[in-house]
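Numbering (UniProt numbering), first residue to last: 1 to 141.
Notes for the one structure printed next.
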């Protein structure tokens, strides 16, 4: 080793306790990494199932919303046709009142259906991840 070399390392003896402590830390780090890697690989299937369930849920939700929009549009056209046939202003107000009441009931039922569908889809989508997490964090695995 040259005295002028700035990159030269001064040789010294590492105490045995420090060496053992360092080796134990490296072993624990490797073991922890291996467990993490194994969990990540095994949870890959759970992530794929999550995406599949979320996609299915979104498709079902979209279909349901389109069906509801069609129902509501048909109801609006039927109301308009009925409104064209009224003979007096009080009859028109009665018809509007009845239509508004019916639409409120329909919209309430539709929103409850959508809420239930959303909750079911969310539960189905999260189920694979929850199962994978329970397996990954189970003591002794």
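Cβ coordinates follow ideal geometry from the N, Cα and C atoms, glycine included.
- Between residue 118 and the set 18, 44, 54, 103, the nearest pair of CA atoms involves 54.
- Measuring C-alpha to C-alpha distances from residue 51 to each of 135, 129, 134 identifies 129 as the nearest.
- Approximately 13 angstroms separates the beta-carbon atoms of residue 59 and residue 124; this is outside 8 angstroms, ruling out the contact.
- For residue 43, the uninterrupted alpha helix (DSSP H) segment begins and ends at 16-84.
- Within 10 angstroms of the beta-carbon of residue 132 lie 16 or more other beta-carbons, which makes it buried.
- Spanning the alpha carbons of residue 35 and residue 134 requires a straight line of approximately 14 angstroms.
- Under the three-state reduction of DSSP, residue 5 is assigned to coil, being neither helix nor strand.
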